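Presented below is the structure to which this report refers.
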Amino acid sequence: VYWFTVEFGLCKENQQLKAYGAALLSSIGELLHALSDKPELRPFEPASTSVQPYQDQEYQPIYYVAETFEDAKDKFRRWVSTMSRPFEVRFNPHTERVEVHDSVDKLETLIWQLNTEMLHLTNAVKKLKGSHFE
1 VYWFTVEFGL CKENQQLKAY GAALLSSIGE LLHALSDKPE LRPFEPASTS VQPYQDQEYQ
61 PIYYVAETFE DAKDKFRRWV STMSRPFEVR FNPHTERVEV HDSVDKLETL IWQLNTEMLH
121 LTNAVKKLKG SHFE
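First residue of the sequence shown: 1, per UniProt numbering; consecutive thereafter.
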């Protein structure tokens with residue numbers, strides 16, 4: 001899925017084909033090829049996209065097109081939610097990393113951290129509401 005989205009993703013915007021994949025945006029030749037009538041354009045469906053073989057020696061013969069960028073994200077999220085895995089992942093905006101939560105200890109630590117953040121935010125709101133700067 002990565003290959004056909006992050007690298008070679010296409011979507012529609014105002015009835016026009018638009019590129020969002022990094023490889024398309026960084027190669028004028030590949031971009032012109034993708035927007036021409038030469039490649040096969042298929043609707044983006046993560047289940048079928050994920051098993052499509054790809055090659056990296058020539059321009060892509062197949063691209064997957066989402067109805068919109070939001071549609072691509074929604075379909076991807078729904079597809080991922082059907083996967084069975086014994087862990088959860090979370091993007092940590094403070095460290096800018098993806099964390100794998102695969103134990104009760106890690107999840108309890110995350111809950112404690114989130115509760116602490118909520119306490120700080122709640123206190124800040126109370127202070128601002130009580131201040132004379134409103």
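Glycine included, every Cβ here is placed at the ideal spot set by N, Cα and C. Source: prediction; values computed, not measured.
Backbone CA spacing between residue i and residue j [nearest angstrom]
| i | j | result |
| --- | --- | --- |
| G9 | I28 | 15 Å |
| L35 | N14 | 15 Å |
| V6 | R78 | 17 Å |
| Q55 | L41 | 16 Å |
| E117 | E96 | 17 Å |
| E45 | L25 | 22 Å |
| A47 | M83 | 11 Å |
| T49 | T122 | 44 Å |
| E99 | E108 | 14 Å |
| D105 | H120 | 23 Å |
| G130 | L110 | 30 Å |
Given residue i as reference, the closest of the options once Cα atoms are compared
| i | options | result |
| --- | --- | --- |
| L17 | L32, Q55, R85 and V6 | L32 |
| F103 | R85, V51, P39 and F69 | A small correction: the amino acid at residue 103 is Ser; Phe does not occupy that position in the sequence shown. Nearest C-alpha to S103: R85. |
| K12 | F69, V51, L128 and G130 | F69 |
| K38 | E30, V100 and T49 | E30 |
| P53 | P43, K127, V100 and V1 | V1 |
| P93 | P43, K73, L107 and L114 | L114 |
Where residue i falls, given that 16 or more other Cβ within 10 Å makes a residue buried
| i | result |
| --- | --- |
| W112 | exposed |
| A22 | exposed |
| A66 | buried |
| K75 | buried |
| A124 | exposed |
DSSP-derived helix/strand/coil call for residue i
| i | result |
| --- | --- |
| Q16 | strand |
| L31 | helix |
| P46 | helix |
| H101 | strand |
| V51 | coil |
| R85 | coil |
| E117 | helix |
| F8 | coil |
| E40 | strand |
| V80 | helix |
Three or more beta-carbon pairs under 8 Å between the region 89–100 and the region 53–65, yes or no?
In the pairwise beta carbon analysis, the region 89–100 is classified as not touching the region 53–65: fewer than three pairs are separated by under 8 Å.
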